[in-house]
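Residue numbers (numbering that gives the first Met the number 0): 0 to 689.
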Amino acid sequence: MSFPVEALRLARFRQAFALAGLMLLSPAGRALDHVSLAIGGILGEQWQLENARLTVERFAEPSQQLVLSIAKIKLPQAFGELSLVNIACPEFNWGDAVLSCRNGTVQLKSERWQSPPAVFSFRITGDTGDFKLEQAGFAGGQLSLTAQAHGGVWQARANGKNIQAKALQKLVKPKAYQLSQGRLDIGLSAKGGRGQVNQLGLDSRWRGWTGQNTGGSIAAENLSAEFSMNAVKHAAAWAWQSEAAFQHGAVYWQPVYFAAPGDPVSAQAAGVWQPQTAMLQLDHFVYRHPQALTVKAGAKAQLKNTVKLQHADIAIQSPDLKQVSEAYLKPLSEGTPWQGAAVNGQLRAELTLAGTGLKQIQAVFNGLSVTDENARFQLDDAGGELVWSDKPELQQSQISWQKLAIKSLPVGPGKLSLWSGGNKVELAKAESLPFLGGTLVVDQFKWQRRKNGEPEVDFAGKLVNGSLEKLSAALGWTPLSGNLSGVIPKVGYHNQVLKLDGELQINVFGGAIRADKFEASGLFTALPVVSADLAVDNLDLDQLTRKFEFGSIEGKLSGYVNGLTLENWRPVSFFAWLGTPDGDDSRHRISQKAVNNLASIGGGGAADVLSRGFLSFFDSFGYDKIGLGCYLHQGVCQLMGVAPLEQGYYIVKGGGVPRIDVIGYNPRVDWSVLLERLSRVTHTENAVVQ
């Protein structure tokens with residue numbers, strides 16, 4: 000016999016069942032083997048039972064058995080769409096507004112998944128209830144659920160053990176990522192009441208996870224890690240704390256690839272989140288990479304639409320910058336001007352940020368070394384303290400080093416004292432630095448940031464007795480002898496353009512070379528552009544040619560290179576003239592080898608009134624003037640000499656006996672061909688007069 004009952008509140012369930020009991024006690028009822036009561040639904044504070052059926056088995060026998068079956072139980076809000084279906088309670092009890100089930104079976108069901116049967120129990124009385132689910136199969140592992148409700152307050156927890164990545168991939172079928180292997184233990188907890196969630200918790204252990212997102216920008220390989228988080232709601236804000244530990248494997252988050260070191264990398268954080276204002280307050284953050292890096296921070300930021308940083312305090316300590324460079328700086332520098340740079344040493348720094356900029360920094364470093372695989376710069380064994388703030392008051396910093404190299408030009412051991420504050424950094428006092436066997440005196444250095452964010456740099460100094468031999472060796476030139484001295488006037492860097500404010504003079508080869516209108520742009524790009532005018536004044540040709548294999552020449556040399564333009568350090572245009580200065584009364588002699596090489600540059604030969612056989616008896620010759628000019632335009636050099644001829648031009652105009660003239664016959668030569676000729680005549684050991 001069955002008694003259908005529509006949906007009713009839990010408090011009325013006992014009344015309905017008592018009515019059915021009275022009917023069962025009647026003479027007709029005693030004749031039945033079993034009796035069932037069908038209920039459309041039972042409504043509790045946090046529960047809803049649908050299509051419940053209570054059956055009394057062996058009703059006519061002295062000992063009866065109560066069996067409850069329920070089609071579906073809707074769980075509290077924290078479980079979302081998850082529900083319990085196909086519930087069977089072979090050990091069901093009721094009495095005095097209490098419902099309970101032990102050793103029942105149930106299946107979990109969501110929109111995408113339904114579990115195999117699991118062990119289930121529950122107890123409901125008035126506004127109090129609890130249930131427990133165990134041994135539910137899920138993604139190759141097991142899932143358990145517990146929940147309690149009392150007086151409108153509820154709490155729930157879900158635990159997953161040994162969840163398999165491959166099985167999870169088949170079950171969830173995500174479009175955003177692909178999982179290939181790994182195991183997961185996870186626990187989720189929640190507390191709340193009256194339709195709200197007030198507390199959340201998560202703890203997880205990931206073992207051997209491998210997978211990536213569809214774009215390949217995020218990936219993990221054999222990852223083992225732990226993560227936990229707890230959050231408690233106070234009024235309109237959530238107070239939270241979290242911990243993470245990266246123990247094994249590797250992760251890639253474009254562009255950073257990071258492999259776990261021997262000891263776990265860990266992070267702890269705590270703060271407050273205010274959803275209404277989208278304000279995140281980071282009260283405490285610690286990141287530890289054992290033996291390499293510790294970062295501590297506190298910050299406050301608004302995360303509405305975009306990240307708006309209000310303030311941040313950061314403390315960094317690294318006993319081994321080499322590990323930091325390999326793990327963090329190297330991948331971040333890929334594709335930037337800093338690619339190929341590596342750092343070593345120790346660092347301790349404190350920074351304050353606010354808005355979009357740096358407010359202050361204090362950094363102490365020791366044993367700092369910076370190397371560049373592209374040989375652009377080098378710093379060895381540097382130490383000191385850098386202090387700066389955005390306030391106008393200046394603070395002093397110190398830096399020292401054992402070796403500093405820019406490109407291949409080395410600066411010996413030195414130190415600098417700096418004043419910094421507001422938007423500028425400047426040299427506290429003039430310093431003398433070892434450079435090329437001589438001394439580089441830095442009289443002025445100033446860095447200033449403008450409103451548009453572009454820096455301006457000013458520099459002035461002088462070079463005393465630098466070695467040309469050391470300079471040529473550093474730059475890979477043919478070895479030169481002599482000393483290099485000169486004054487470096489004010490040099491400025493503005494709007495990414497380096498300009499010489501004044502004239503740069505270098506005293507070399509017994510004379511001077513002066514540079515004017517010097518300008519360089521794009522120095523740190525793939526296509527730097529340099530322009531200048533050069534003036535050459537009374538160089539000693541004997542000193543100049545002594546170290547070259549070009550052949551010896553005695554006399555003076557003056558001239559100019561106007562409108563010089565270099566692109567990627569290669570000349571693209573200029574108008575140049577180098578020759579004997581007017582009024583030069585020095586000894587003028589030229590060797591036979593130099594005669595031949597000058598002739599080959601102009602594409603001609605040596606001609607004189609004497610036969611070539613007679614010419615060969617002389618090692619050197621006197622000359623009146625020597626000179627060669629070039630106008631370079633669109634890859635072609637227009638050549639000229641000291642005087643024109645009907646067919647050609649004089650490169651060397653003879654003087655004395657025997658007289659020798661060197662004549663050039665090619666007025667136009669490709670620049671690449673001319674460079675090849677110059678390279679050949681300055682390196683050959685054997686010259687033949689043609």
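Ideal Cβ placement from N, Cα and C applies to all residues, glycine included.
C-alpha distance - residue i paired with residue j, whole-angstrom precision
| i | j | result |
| --- | --- | --- |
| aspartate 319 | lysine 358 | 26 Å |
| lysine 516 | lysine 498 | 8 Å |
| arginine 676 | isoleucine 600 | 6 Å |
| histidine 233 | alanine 269 | 15 Å |
| tryptophan 418 | valine 424 | 6 Å |
| asparagine 373 | glycine 411 | 21 Å |
| valine 369 | leucine 346 | 13 Å |
| phenylalanine 458 | glutamine 240 | 51 Å |
| proline 89 | lysine 160 | 28 Å |
| glycine 125 | asparagine 102 | 22 Å |
| proline 260 | alanine 138 | 31 Å |
| glutamate 220 | glycine 210 | 7 Å |
| lysine 329 | valine 528 | 28 Å |
| alanine 135 | aspartate 312 | 47 Å |
| leucine 415 | lysine 428 | 8 Å |
| glutamine 280 | valine 571 | 57 Å |
| valine 323 | leucine 292 | 7 Å |
Cutoff 8 Å: residue i Cβ touching any chain B Cβ
| i | result |
| --- | --- |
| valine 152 | As a matter of chain content, chain B is missing from the structure shown, which is built from one protein chain. |
Pick from the options that is closest to residue i, judged by C-alpha positions
| i | options | result |
| --- | --- | --- |
| glutamine 394 | Gly366, Gln633, Ala362, Asp262 | Ala362 |
| phenylalanine 364 | Glu384, Pro263, Asp184, Leu631 | Glu384 |
| leucine 644 | Gly634, His632, Val661, Ala244 | Val661 |
| serine 471 | Asn482, Gln253, Leu350, Leu462 | Asn482 |
| isoleucine 775 | Gly562, Gly207, Lys190 | No statement about residue 775 is possible, as the shown extent of the chain runs from 0 to 689 and does not include it. |
| glycine 334 | Thr524, Gly582, Ala519 | Thr524 |
| alanine 514 | Ala534, Asp500, Asn212, Leu526 | Ala534 |
| lysine 402 | Leu435, Tyr256, Ser265 | Leu435 |
| proline 690 | Arg375, Phe245, Ala166, Ser265 | Here the chain covers residues 0 to 689 and nothing more, so residue 690 does not appear. |
| valine 702 | Ser143, Pro666, Asp618, Gln147 | Look at the range of the chain in this structure, 0 to 689, and you will see that residue 702 is not part of it. |
| alanine 381 | Ala404, Thr438, Lys390 | Ala404 |
| valine 231 | Ile505, Gly491, Lys190, Ile86 | Lys190 |
| phenylalanine 508 | Gln147, Pro454, Leu543 | Leu543 |
| glycine 421 | Asp442, Leu439, Ser388 | Ser388 |
| alanine 642 | Asn596, Thr579, Thr355 | Thr579 |
| proline 691 | Leu132, Phe121, Ala155 | For residue 691 there is no data in the structure shown, the boundaries of the chain being 0 and 689. |
Cβ neighbour criterion (16 or more within 10 Å) applied to residue i
| i | result |
| --- | --- |
| arginine 679 | exposed |
| valine 560 | buried |
| isoleucine 487 | buried |
| serine 431 | exposed |
| isoleucine 153 | A small correction: the amino acid at residue 153 is tryptophan; isoleucine does not occupy that position in the sequence shown. Label assigned to tryptophan 153: buried. |
| leucine 522 | exposed |
| tryptophan 476 | exposed |
| glycine 634 | exposed |
| leucine 673 | buried |
| lysine 450 | exposed |
| aspartate 539 | buried |
| glycine 151 | exposed |
| serine 671 | exposed |
| glutamine 504 | buried |
As assigned by DSSP and simplified to three states, the class of residue i
| i | result |
| --- | --- |
| isoleucine 659 | coil |
| lysine 303 | coil |
| tyrosine 664 | coil |
| glutamate 553 | strand |
| glutamine 322 | helix |
| tryptophan 670 | helix |
| proline 643 | strand |
| asparagine 158 | strand |
| alanine 525 | coil |
| glutamine 395 | strand |
| lysine 469 | helix |
| asparagine 365 | strand |
| arginine 375 | coil |
| serine 332 | helix |
| leucine 540 | helix |
| glutamine 147 | strand |
| glutamine 637 | strand |
| asparagine 596 | helix |
| glutamate 675 | helix |
| lysine 232 | strand |
Query raised in the report: So, do the stretch 548-567 and the stretch 581-594 have three or more beta carbon pairs nearer to each other than 8 Å?
Result: yes
Query raised in the report: Per the contact definition of three or more C-beta pairs closer than 8 Å, is the stretch 224-233 in contact with the stretch 295-312?
Result: no
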